[in-house]
Amino acid sequence: MAENKRVHIKTYGCQMNVYDSERIKDVLAPLGYETTDTPDGADLVVLNTCHIREKAAEKVYSELGRLRPLKEAKASGGGEMLVAVAGCVAQAEGAEMKRRAPMVDMVMGPQTYHQLPEMIAKLHRKSGEALAADFAVEEKFDALPKARSVNGPSAFLTIQEGCDKFCTFCVVPYTRGGEYSRPVDQIAAEARELASRGVREVTLLGQNVNAYHGEPPAGREEDGDWGLGQLARHIAKIGGIERIRYTTSHPRDMDDALINAHAEEEKLMPYLHLPLQAGSDRILKAMNRGHTLESYLTLIEKIRAARPDIAMSSDFIVGFPGESADDFEMTMEAVREVNYAQCFSFKYSRRPGTPGASMMKQVAEDEKSDRLARLQALLESQQVDFNASCVGRELPVLFEKPGRNEGQLQGRSPYLQAVHVQGSQDLIGQIAPVRIESSSRNSLAGALVREGAAAA
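If you read the sequence shown in this note's numbering, its first letter stands for residue 4, the second for the next number, and so on.
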């Protein structure tokens with residue numbers, strides 16, 4: 004049996020990184036690594052980084068500065084703390100990171116963390132190169148352990164990586180590479196494995212998830228590549244899987260097959276994250292989004308016609324280079340027209356290496372802050388109104404964990420809202436109907452309609 008060691012993994016950024024960190028734990032488990040919540044005394048620390056926000060690399064270097072004395076203390080006691088930097092910052096700045104922070108033992112891009120055991124072995128042999136930052140995405144998925152560690156009834160499942168859209172504000176094509184879709188059989192096998200471990204809800208992940216076009220199941224080659232709609236229907240047939248979500252989508256890839264799946268497949272949750280980013284066609288063009296406000300609104304109308312109870316979510320960037328006051332007002336008007344249930348909004352920040360970083364007419368920071376505050380106030384009011392509209396309704400809730408208060412449970416509604424009820428802990432991992440009695444900005448509260456679980 005492998006000697007027990009401790010690994011601390013710090014995850015930055017997106018849900019894809021959360022998934023990747025879970026799989027890093029899986030590839031380290033055969034080496035005897037057990038996870039710890041603190042880097043103090045750890046044998047291995049992994050920083051799984053994100054390059055989306057401005058100064059992302061500087062935050063990593065700051066964290067490395069905090070780790071340096073811990074690494075030195077471990078060494079002075081005769082031990083060893085290995086430090087690995089993974090993810091998108093590693094992909095973008097791998098060689099520079101090794102030069103600037105020699106304390107880093109390993110640097111690996113998001114497609115190469117499956118090589119971590121080999122890299123550790125090479126370090127222990129004091130030979131080999133500890134820098135891996137290529138885009139061999141197929142090898143990554145082939146090399147991952149088939150069994151996964153899971154914690155609770157919900158799990159992420161990566162089906163697609165990379166992006167070919169090249170939005171001018173985004174670093175993903177440069178750090179995750181071009182679009183790659185995993186084969187259907189590989190995804191279904193992972194979903195069955197998750198179901199066997201008690202997972203009831205899977206969230207299908209991809210940087211551009213609805214661009215999914217994967218190799219069909221064995222014996223179905225005549226069908227050609229499958230899209231996300233076909234894949235969702237396929238996963239819905241797996242016993243134990245009761246809920247299916249996916250994120251993040253692009254309006255250009257929301258096809259009829261996927262919309263029809265929302266209309267016909269009950270296990271596909273009535274919640275769709277579909278980023279608009281801006282309400283001005285001029286800014287959308289500068290962002291290289293490839294859609295207009297009109298085409299987006301037409302798409303929303305079509306989706307709601309297919310699934311009237313669907314709730315919409317979006318991303319917005321304010322203060323993109325060249326955005327005028329009129330452009331921003333168009334964004335506000337678009338938000339009012341769509342009426343979202345939940346949104347994420349950010350000030351534009353320069354991502355090194357992207358076209359947007361060198362664009363003229365950068366918006367002043369105080370103006371960006373003012374616009375963001377106004378937008379977030381509107382979005383918050385819509386979220387509060389949507390949550391309030393759920394009061395009096397009976398919603399199926401998947402219970403995930405105990406709540407903060409004694410005898411309390413916390414779960415998720417079909418609309419991804421946190422729901423709190425008083426109930427027995429044997430409901431954790433099950434779906435039960437809840438009568439919603441009150442709401443707040445971020446959650447709902449209610450009472451079980453009856454003791455015991457019910458299928459959604």
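Ideal Cβ placement from N, Cα and C applies to all residues, glycine included.
Here the structure is a predicted model, which means the values were calculated and not measured.
Nearest residue (CA-CA) to residue i, options the options
i    : options                   : result
L1   : R438, L300 and M333       : With the chain covering 4 to 459 only, the question about residue 1 has no answer from this structure.
I306 : D329, N263, L70 and T14   : N263
D43  : P417, I27 and A78         : A78
K28  : Y343, L50 and A214        : L50
F331 : L381, A98 and T38         : L381
E368 : L275, Q379, F349 and T357 : F349
P120 : P105, M106 and L85        : L85
S65  : A104, C17 and E96         : A104
T206 : A260, K364, Q385 and P273 : P273
N408 : L34, V424, R353 and K62   : V424
F347 : Y418, C166, K270 and E383 : E383
K74  : M106, K62 and G90         : M106
A376 : P405, F319, G432 and S361 : F319
E460 : R185, I238 and R223       : Because the chain here runs from 4 to 459, residue 460 falls outside it and cannot be looked at.
L430 : L419, Q420 and Q411       : Q411
R246 : A89, D23, G432 and E99    : G432
D284 : L70, D259, F159 and E326  : E326
V63  : A95, D23, S199 and L126   : A95
P405 : A391, Q385, S427 and S392 : S427
L401 : M122, N7, L378 and V202   : V202
A328 : L378, S361 and S392       : L378
K288 : D258, Y343, P358 and A344 : P358
Cβ-Cβ distance between residue i and residue j below 7 Å
i    : j    : result
R255 : H294 : yes
E397 : R453 : no
R444 : V366 : no
E182 : A221 : no
K364 : V321 : no
G232 : L261 : yes
L275 : M315 : yes
C91  : T52  : yes
V341 : I303 : yes
G243 : A194 : no
V174 : R354 : yes
R200 : V153 : yes
Y116 : A76  : no
Rounded separation between residue i and residue j - CA only
i    : j    : result
R310 : G217 : 25 Å
A87  : L47  : 8 Å
W229 : T161 : 16 Å
R415 : S157 : 10 Å
A462 : L447 : Absent from the structure is residue 462, since the part of the chain shown begins at 4 and ends at 459.
E196 : D188 : 12 Å
E297 : D40  : 47 Å
R26  : I313 : 32 Å
V422 : Q413 : 6 Å
N20  : A93  : 13 Å
T334 : L234 : 33 Å
I241 : F389 : 32 Å
H265 : S252 : 14 Å
A191 : P113 : 22 Å
Y15  : M111 : 15 Å
W108 : S317 : First, the residue type needs correcting, since residue 108 is Asp and not Trp in the sequence shown. Each residue's Cα considered, the two are about 39 Å apart.
D23  : E164 : 11 Å
K268 : R248 : Just to set this straight, residue 268 is Glu in the shown sequence, not Lys. E268 and R248: Cα-Cα distance of roughly 12 Å.
A60  : Y351 : 17 Å
L67  : D373 : 34 Å
Nonlocal neighbours in the same chain, by C-beta distance under 6 Å from residue i, ignoring five residues either side
i    : result
G155 : E403
L31  : V10
P219 : V187, D226 and W229
P417 : M272 and P273
Q420 : L447
M362 : P324
E99  : none
Own chain partners of residue i with C-beta closer than 7 Å, once the 5 adjacent residues on each side are dropped
i    : result
M290 : C170, T171, F172, Q280, A281 and F323
A45  : R9, V10, H11, T39 and M84
T250 : Q18, T206, L208, V212 and H276
R236 : A264 and E268
A360 : R353 and R354
A391 : S442
Residue-chain proximity (residue i, chain D), Cβ-Cβ < 7 Å
i    : result
Y215 : No chain D is part of this structure, which consists of one protein chain only.
In DSSP terms, what residue i is bridged to
i    : result
E397 : R438
V422 : G414 and L447
T206 : F159 and R248
M272 : Per DSSP, none; premise fails for M272.
M257 : Bridge partners of M257: none, in fact.
Q433 : DSSP lists no partner for Q433.
8 Å CB neighbourhood of residue i in its chain, flanking five on each side removed
i    : result
S441 : V394, L447, A448 and G449
T38  : R9, V10, H11, I12 and K28
D167 : P176, G181, E182, N211 and A214
Proximity test, residue i beta-carbon vs the ligand MN heavy atom, cut-off 6 Å
i    : result
L271 : Here there are no bound small molecules, and the ligand MN is not part of this structure.
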